[in-house]
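No gaps in the numbering here: position 112 of the sequence shown is 112 in full-length UniProt numbering, and each next residue is one more.
This report refers to the structure that appears directly beneath it.
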Amino acid sequence: MSTETKEVKPSDLQKAAMDLTSDSKSSSEGQTTIWPERELPELLRDLSEEELKSLEKKLIRKVDLRMLPTMILIYIMNYLDRNAIGSARLGGLEKDLGLTGNEFQHRSLEFIHSDLGLCNHPSTEHHADDHANYQGVLCACSGATHSFGGLVATRFLLGFVEAAFYPGCLATLSSWYIRKELGVRTGLFYSGSMLSGAFSGLIAAGITNGMDGARGLLAWRWLFIIEGSLTVAIALGAFFVLPDFPATTKWLTDQERQLAMWRMEVDAAGEEDWTSSSSQPIFDGFKMIMFDPINWILVVLVYGAASSISINSFFPTVVASLGKDRITTLLLTSPPYLLACIVCAAVSWNADRMNERYWHTVAPLACSLVGFIISSAATGIGPRYFGAMIMLPGIYTGFNMSIVWTANTIYRPTAKRAAAVAFNNAFSTLSGIYGSYLYPNNATPRFVLAFSVNAAMALMAIVAATVLHFVLKRENKKLQMREQEAEAAGQAQLIGKGFRYLI
Numbered sequence: 001m002s003t004e005t006k007e008v009k010p011s012d013l014q015k016a017a018m019d020l021t022s023d024s025k026s027s028s029e030g031q032t033t034i035w036p037e038r039e040l041p042e043l044l045r046d047l048s049e050e051e052l053k054s055l056e057k058k059l060i061r062k063v064d065l066r067m068l069p070t071m072i073l074i075y076i077m078n079y080l081d082r083n084a085i086g087s088a089r090l091g092g093l094e095k096d097l098g099l100t101g102n103e104f105q106h107r108s109l110e111f112i113h114s115d116l117g118l119c120n121h122p123s124t125e126h127h128a129d130d131h132a133n134y135q136g137v138l139c140a141c142s143g144a145t146h147s148f149g150g151l152v153a154t155r156f157l158l159g160f161v162e163a164a165f166y167p168g169c170l171a172t173l174s175s176w177y178i179r180k181e182l183g184v185r186t187g188l189f190y191s192g193s194m195l196s197g198a199f200s201g202l203i204a205a206g207i208t209n210g211m212d213g214a215r216g217l218l219a220w221r222w223l224f225i226i227e228g229s230l231t232v233a234i235a236l237g238a239f240f241v242l243p244d245f246p247a248t249t250k251w252l253t254d255q256e257r258q259l260a261m262w263r264m265e266v267d268a269a270g271e272e273d274w275t276s277s278s279s280q281p282i283f284d285g286f287k288m289i290m291f292d293p294i295n296w297i298l299v300v301l302v303y304g305a306a307s308s309i310s311i312n313s314f315f316p317t318v319v320a321s322l323g324k325d326r327i328t329t330l331l332l333t334s335p336p337y338l339l340a341c342i343v344c345a346a347v348s349w350n351a352d353r354m355n356e357r358y359w360h361t362v363a364p365l366a367c368s369l370v371g372f373i374i375s376s377a378a379t380g381i382g383p384r385y386f387g388a389m390i391m392l393p394g395i396y397t398g399f400n401m402s403i404v405w406t407a408n409t410i411y412r413p414t415a416k417r418a419a420a421v422a423f424n425n426a427f428s429t430l431s432g433i434y435g436s437y438l439y440p441n442n443a444t445p446r447f448v449l450a451f452s453v454n455a456a457m458a459l460m461a462i463v464a465a466t467v468l469h470f471v472l473k474r475e476n477k478k479l480q481m482r483e484q485e486a487e488a489a490g491q492a493q494l495i496g497k498g499f500r501y502l503i
């Protein structure tokens with residue numbers, strides 16, 4: 001067999017990664033350096049193009065089957081634990097603990113979890129199962145509280161340990177999937193939060209109706225205990241399933257491992273992927289994003305898109321304003337979340353298929369804006385429930401696409417990407433400072449202030465997305481000009497299709 005170096009040729013194998021094959025980079029002297037097409041790793045050089053395609057499909061299928069179902073299941077439990085407080089409120093939590101005034105809203109101190117969570121390294125191995133274990137225990141402990149102080153303490157600690165889960169999972173996904181594969185996977189992963197919203201109402205209805213007073217405990221206590229215990233059991237199993245980085249995952253063959261790493265290098269214009277937290281310290285990434293103006297536009301986008309998510313803890317209260325009984329109210333919370341799950345997955349898939357980000361981010365945000373306006377203006381049950389049906393898909397899909405756009409735009413170095421996802425997500429949750437105070441019981445049935453603020457934030461996100469679209473479009477033109485200059489200088493043989501921002 002021949003052992004000579006074989007250059008990568010444009011093929012279907014690289015279809016998703018060719019945007020980055022030959023990124024133009026400026027040296028410190030101001031001269032242009034062109035990345036040559038990436039050289040195949042040693043164990044892949046003797047494979048035909050068809051064999052490479054087959055191996056890549058096998059690799060992606062193996063990673064998909066191990067990673068996505070496990071992450072989605074843990075994320076479902078993550079949101080069930082986090083948002084059980086909303087169903088517990090309908091189950092008598094406030095009365096049993098003697099909460100008065102705004103004390104239920106004060107427990108929203110958990111929002112601080114994101115800022116503290118920045119200290120949790122998103123590259124830590126097995127982060128998802130570790131944090132899920134802790135949050136399951138703390139959720140169960142919430143069922144044992146007997147005072148406002150105990151509730152705040154458990155919710156604060158719950159928020160702290162779950163802080164790194166979402167950005168950590170995104171960092172893991174973006175270490176395995178190239179940019180054009182990332183949107184639909186992130187959408188499927190994020191669908192776990194929406195499925196939990198649908199299940200939470202059904203689970204809460206069953207527990208509230210069948211376990212109230214069982215063994216001397218009120219239904220809301222059983223809700224925390226059961227959901228927390230399930231989370232711990234799932235997290236223990238996830239330890240043996242979830243992968244780390246391609247370079248360190250043991251259940252890949254050597255050939256699959258080289259292919260996994262090579263795909264990411266091609267997608268990053270030749271830059272090697274993250275192999276450990278010591279190779280690229282996360283705090284170096286934070287330094288880089290602080291001085292990147294594009295990331296600050298993304299911060300505004302993500303913040304605006306995420307500001308309305310505080311409604312998830314109060315959605316049962318919003319639905320209760322329709323005037324139905326407790327069980328019917330809990331059941332009515334499920335359809336909007338199920339629709340949100342379907343819409344988010346479909347939009348994410350289509351965004352990857354069309355290689356487009358702007359309209360797939362703005363359209364859902366516009367839908368949520370319409371939903372907020374309808375819900376705050378209408379008085380009839382039908383229009384208000386319709387508003388709820390379109391606001392949740394818009395909220396969750398818009399936020400998911402804003403995070404995907406962040407990971408696609410701040411792509412390398414990997415530490416910078418991980419820092420951007422973690423920081424932008426953390427900053428966005430600062431809206432919880434005021435968000436939890438927008439849904440007092442005396443604001444029913446229209447919640448005018450809450451929906452007005454949410455509408456304003458959605459509009460701000462749309463404006464930020466529009467600014468980002470034109471900024472990235474301008475940057476792409478600059479990249480194209482640099483390639484043309486290099487080609488004119490006689491370097492055409494080294495030119496592949498250069499890096500382009502997804503817009």
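Don't be surprised by glycine CBs; every beta carbon is placed ideally from N, CA and C.
These figures come from a predicted structure and were not determined experimentally.
State the Cα-Cα distance for the pair residue i and residue j, rounded to the nearest angstrom.
| i | j | result |
| --- | --- | --- |
| R155 | K287 | 31 Å |
| M481 | A345 | 36 Å |
| W251 | E181 | 21 Å |
| T329 | L242 | 37 Å |
| T333 | P316 | 6 Å |
| T33 | I282 | Residue placement at T33 cannot be trusted, given a pLDDT of 32 that sits under 50; what the coordinates show is reported in the next sentence. For T33 and I282, the distance between alpha carbons rounds to 27 Å. |
| F386 | P364 | 15 Å |
| L173 | S142 | 31 Å |
| V463 | F451 | 18 Å |
| E51 | M261 | 17 Å |
| M460 | V362 | 11 Å |
| K57 | I85 | 42 Å |
| S24 | F499 | Only weak support is given to the placement of S24: the predicted model assigns it a pLDDT of 34, under 50, and the value that follows is read from those uncertain coordinates. So the alpha carbons of these two residues sit roughly 8 Å apart. |
| K95 | N441 | 14 Å |
| S147 | G183 | 43 Å |
| G206 | S436 | 26 Å |
| R326 | C341 | 24 Å |
| Y303 | T429 | 7 Å |
| K416 | M457 | 26 Å |
| I311 | T208 | 22 Å |
| Y434 | L449 | 11 Å |
| D292 | V299 | 11 Å |
| G149 | E227 | 22 Å |
| L73 | E42 | 37 Å |
| H454 | V370 | Looking at the sequence shown, residue 454 is not His but Asn. So the alpha carbons of these two residues sit roughly 11 Å apart. |
| V152 | A88 | 14 Å |
| F399 | A306 | 6 Å |
| residue 586 | A388 | Only positions 1 to 503 of the chain appear in the structure, and residue 586 is not among them; the question remains open. |
| G432 | L40 | 48 Å |
| A17 | S175 | Caution applies to A17, whose pLDDT of 39 falls short of 50 and renders its modelled position unreliable; the value that the coordinates give is listed next. C-alpha separation (whole angstroms): 14 Å. |
| E485 | L479 | 10 Å |
| A351 | L236 | 34 Å |
The alpha helix (DSSP H) that contains residue i, what's its start and end?
| i | result |
| --- | --- |
| G91 | Here G91 belongs to no alpha helix (DSSP H), and DSSP marks it neither H nor E. |
| F283 | 282-290 |
| L479 | 448-486 |
| M391 | 381-409 |
| residue 507 | Past the boundaries of the shown model lies residue 507; the chain is included only from 1 to 503, so the question cannot be answered. |
| V241 | Where V241 is concerned, there is no enclosing alpha helix (DSSP H), given that its DSSP letter is neither H nor E. |
| Y434 | 432-435 |
| A419 | 414-428 |
| D352 | 334-354 |
| A306 | 293-306 |
| N209 | 179-210 |
| T361 | 358-377 |
| L170 | 165-173 |
| A489 | Per DSSP, A489 belongs to no alpha helix (DSSP H) and is neither H nor E. |
| T317 | 315-320 |
| T154 | 148-162 |
My assumption, with CB atoms under 8 Å, is that residue i sits in contact with residue j. Please give the rounded CB distance.
| i | j | result |
| --- | --- | --- |
| L59 | L47 | 13 Å between Cβ atoms; not a contact. |
| Y439 | M194 | About 20 Å; that fails the 8 Å criterion. |
| N83 | S229 | Not a contact, Cβ separation roughly 17 Å. |
| V137 | V232 | 6 Å |
| L502 | S402 | The pair is not a contact, with the Cβ atoms about 13 Å apart (cut-off 8 Å). |
| L331 | L223 | That pair is no contact at about 15 Å. |
Of all the CB atoms in chain C, is at least one closer than 8 Å to the CB of residue i?
| i | result |
| --- | --- |
| I311 | Absent here is chain C; the protein component of the structure consists of one chain. |
Open item on the list: Below 8 Å, how does it come out for the stretch 439-456 and the stretch 314-332: are there three or more Cβ pairs, yes or no?
Closed with: yes
- [ ] Inspect the CB distances between the stretch 129-143 and the stretch 94-103 and report whether three or more fall short of 8 Å.
- [x] no
Open item on the list: Any contact between the stretch 347-358 and the stretch 286-306? By contact I mean 3 or more CB pairs, one from each, below 8 Å.
Closed with: no
- [ ] May I ask you to verify whether the stretch 156-164 touches the stretch 177-194, counting CB pairs closer than 8 Å and requiring at least 3?
- [x] no
Open item on the list: Could you check whether the stretch 206-226 touches the stretch 64-71, counting it as contact only if at least three pairs of C-beta atoms, one from each stretch, sit closer than 8 Å?
Closed with: no
- [ ] Check whether the stretch 383-392 touches the stretch 334-341, taking contact to mean three or more Cβ pairs, one atom from each stretch, closer than 8 Å.
- [x] yes
TODO: Would you check if the stretch 398-417 and the stretch 473-480 touch, i.e. whether three or more CB-CB distances between them fall below 8 Å?
DONE: no
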